[in-house]
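Here is the structure we will look at, set down as structure tokens.
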Amino acid sequence: MRTDPANSSDPTVRLRQNTYHVERELLSVETLEVLTKRSEKVEVPIQDRLKKHLECSQSKAKSLLFRFIPILVWIPKYPYKDWLLNDIISGLSVGIMQLPQSMAYALLAGVPPAFGLYTAFYPVLIYFTFGTSRHVSIGTFAVLSVMIGTVTERLAPDGDFVISSDNSTNATLVIDIAARDLMRVKVATLLTFFSGVYQIVLGLIKFGFVVTYLSDPLVRGYTTAAAIHVLISQLKYVFGINIPRYNGPLSLIYSAIDICKALPLTNIATLVISIIVMVTLYALKLLNDYIKSKSPLPIPIELLEVVIATVVSANCNLTGKYGVDVVGSIPKGLQAPVLPEFEMSSSIIGDAFAVAIVGYGITISLGKIFGLKHGYQVDSNQVTESHFCIFPDSDQGNTGIVLGNGPPCNDCSLSLVQAVLASIIIINLQGMFKQFRDICHFWKTNKVDLMIWVVTLLSTVLLGMDIGLAASVGFALLTVIFQTQLPTYSILGQVPMTDIYRDITKFDTAKEISGIKIFQSTATIYFANAELYEEALKKKMGIDVAVLITKKKKRILKLEKKQKKMAKKEKKAEKKQKGQSLNKEKQVEHTTISDTLENRSISVNMDMEQPGSGPEKHTLESLGLQKPNVHSLILDFSPVNFVDSVCIKIIKNIFRDFAEIEIDVYLSGCHWSIIQQFEKGEFFGKTITKSHLFHSLHDAVLHCLAKHQLPSEQPALMNGHPSLSHSQNQGQEASVSTHMQCFFQ
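Take the sequence shown: its position 402, counting from 1, is numbered 532 in my numbering, and each next residue is one higher.
The structure is reproduced here in structure tokens:
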């Protein structure tokens, strides 16, 4: 009675019911090119390509218009009935939160709070028209605020605006705050302009892929370090103390030291206000998280605290009685847009590029997350970076106009305590500080990512936001290089009854094939690791190739010396034979001597020819050396993505060296681009042809078995190999067809 495989208790029985059968000729690259003709690429003249790109048709103009102004595409399709109410509620929620946050983040950027309000308004209108993400909330951002504040403090420090000083013991400095703020706004405006220009240029040349160099561990480590910068910068407002702001490497350390020294001068009223605001804000945020599922609108916690603090400060005269610092007046209405001043361009260009890249990277990362979640695409080249700066701006990508420091109108006094804004900033950093949990996560998952995270954090904290970013990206790229220099090298064996090959040290069922070594590297081979690849190969082979080649050369040299000595003896014998042949008087003796010499000459010649086999090539066995138990070496090139001139040179050396010790070398799994690079690099020649390259690893294995061992001599191919049918036609090479049964779970 036959058991139903589907109901069998033996898993191997059920496993082996899923089989496939293949019967074909072995396919080397040379054979494959005959079967599949290479398509000929028609080279289009450059003038025709330029003409095609520059021509303007109605459809092309319409496509470009829709591409650069996406609102024209989606606004006609907008589902008003389904989305409009929810979008209005979401907009109100975000807008209410943006009001206090934007003023608070303006302090980080070193500009008056009013410019934070402008930043919360204009970028939303611009991104609404030109952006492609439906869910990214455009506005102020702590990381960019700190980066911009670093530039404004460097180019417009307080020391440049001292209008008077007192030389007494209690020396104080009087700073022209209006002039300082005016200069800082000019710096921030110019920085915004150039960051926008960078974004336009990078978008036009399709340079959106640059964000790939900002890996997730790098971004998270960078934002965590930025949170530390923000925290240290706001402590002076929390304690009500005055300390200078430093720039450059170790500026954070200097600021922390100054804060510790100035703690005895803490304004107690300011500290109490800060503690009350932070405690209530944190508690209300926890409450907000609890009720957000039940209420469509969140509680505007920050706005409520700003209003309450302003009322209390105005009625209690906290500034006059306790010396509590307040924000001061905020201009009413919008200011007229003006062009930036370009005198400081040379000092800002580098910082603008860093701001553009960081802002772009964070924005597109969030946009892609939302796009994947909700099923739409985000154009990585359609981002205008200046939308995220903490100062007034308009769409630099289209008008080139940035809002500057226009004349204020109808000022309204606002007695808002600066400590309240600082407390709002610090509490809102809790999400970034939670990223310290990444240390445990990356420790368990990926040590390299952990190194990137830690190095990014330390370099940004110690060196500053700008230098730290460059150092972090450089280190991240170095990790990629180091990983390609330290790949996993392995010897592969065949999984029985399949055409699958696995590392014999990690898979017990994978067994080596007698006489064949299959070598694989998990990385691309190029100039940085090509020599390491060659060293690892010779080590895995278990053969000291260099020593064996040296011994072979010494034996050949010794044999050649021996042959030269034999040749000299032969010449002497010939001369002696000629001298004896002149003796005509003794004919009988002459004949006897001639016969004897002839036999001796033949004997010498025979002895001479045997060691060197005449013109034939010297073999290890003929030289008395032990021949390796491997006759074929297969290099698995399936993980290789590209090769360079150094790689080609190393592979040629491998072919040459192993040919010296009578081991055939083959390549398998080469991608078509690799073969093209081999052709351009003059890899193929008389000794290395495309017949040494095989379509698959299994093709190469079967070729080696057919070449060095007839089926009748094989011990059933290790009790699990596909069977071979070997046919020999007169004047033709043997062809091998495979019969495979491959099993899948």
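Heads up, the beta-carbon is just placed ideally off N, CA and C, and yes, glycines get one too.
- Using a 10 angstroms sphere on the CB of His-183, the tally of other CB atoms stays under 16, which defines it as exposed.
- Ile-648: not part of any alpha helix (DSSP H); member of the beta strand (DSSP E) spanning 646 to 651, first to last residue.
- A distance below 7 Å separates the beta carbons of Ser-404 and Ala-549.
- With 16 or more neighbouring CB atoms inside 10 Å of its own CB, Glu-435 falls in the buried class.
- Residue pairing by DSSP places Val-292 opposite Ile-305 in a beta bridge.
- Looking at the DSSP output, Ser-158 shares a beta bridge with Phe-824.
- A residue is called buried when at least 16 other Cβ atoms come within 10 angstroms of its Cβ; Cys-390 does not meet this threshold and is exposed.
- Here the segment 475 to 485 lies against the segment 303 to 322, with 3 or more beta-carbon pairs under 8 Å apart.
- Nearest in C-alpha terms to Phe-291, of all of Met-474, Val-304, Val-281, Gln-807, is Val-304.
- Within the same chain, and ignoring the five residues on either side of Val-585 in sequence, the residues whose Cβ sits closer than 7 Å to its Cβ are Ser-602, Phe-605.
- Burial state of Glu-432 is buried, judged by a 10 Å Cβ sphere holding 16 or more other Cβ atoms.
- According to the DSSP assignment, Asp-388 belongs to no beta strand (DSSP E) but to the alpha helix (DSSP H) extending over 381 to 392.
- For the pair Gln-560 and Ala-244, the Cα-to-Cα distance works out to about 25 Å.
- Scanning its chain for C-beta atoms nearer than 6 Å, with the 5 sequence neighbours on each side dropped, one finds around Gly-269 the residues Gln-228, Ala-250, in chain order.
- Excluding residues up to 5 positions away in sequence, Ile-778 lie with their Cβ nearer than 6 Å to the Cβ of Phe-813 in the same chain.
- In the displayed model, Gln-806 falls within a helix according to three-state DSSP.
- Burial state of His-828 is buried, judged by a 10 Å Cβ sphere holding 16 or more other Cβ atoms.
- With fewer than 16 other beta carbons inside 10 angstroms of its own, Ala-466 counts as exposed.
- About 6 Å separates the CB atoms of Gly-645 and His-838; that is less than 8 Å, so the two are in contact.
- In this structure the segment 691 to 709 does not touch the segment 640 to 654; the number of beta carbon pairs closer than 8 Å is below three.
- Ala-640 is a Cβ neighbour of Gly-623, given a cutoff of 7 Å.
- Residue pairing by DSSP places Ile-405 opposite no residue, since no beta bridge is assigned to it.
- Of the other Cβ atoms in all chains shown, 16 or more fall within 10 Å of the Cβ of Ser-158; this residue is therefore buried.
- For Tyr-619, the closest alpha carbon among the candidates Ile-582, Tyr-663, Thr-609, Gln-613 is that of Tyr-663.
- For Ile-764, the enclosing beta strand (DSSP E) stretches over residues 762 to 766.
- Between Gly-240 and Arg-314, the C-beta spacing is below 7 Å.
- Judged by DSSP secondary structure, Ser-223 falls within the alpha helix (DSSP H) whose first and last residues are 210 to 239.
- In the three-state reduction of the DSSP assignment, Arg-375 falls in the coil class.
- Listed in chain order, the non-local C-beta contacts of Thr-259 below 7 Å within the same chain comprise Ile-199, Ile-201, local neighbours out to five positions each way being set aside.
- Bridge partners of Tyr-343 according to DSSP: none are assigned.
- Comparing alpha carbon positions, the residue from Lys-167, Gly-261, Pro-175 closest to Ile-205 is Gly-261.
- When rounded, the separation of the alpha-carbon atoms in Tyr-412 and Ala-355 is 22 Å.
- In this structure, Val-360 sits near Ala-272, with a CB-CB distance shorter than 7 Å.
- With a 10 Å radius around the Cβ and a threshold of 16 neighbouring Cβ atoms, Leu-274 comes out buried.
- The Cβ atoms of Asp-311 and Pro-242 sit closer than 7 Å to each other.
- For Ile-673, there is no enclosing beta strand (DSSP E), since its DSSP letter is neither H nor E.
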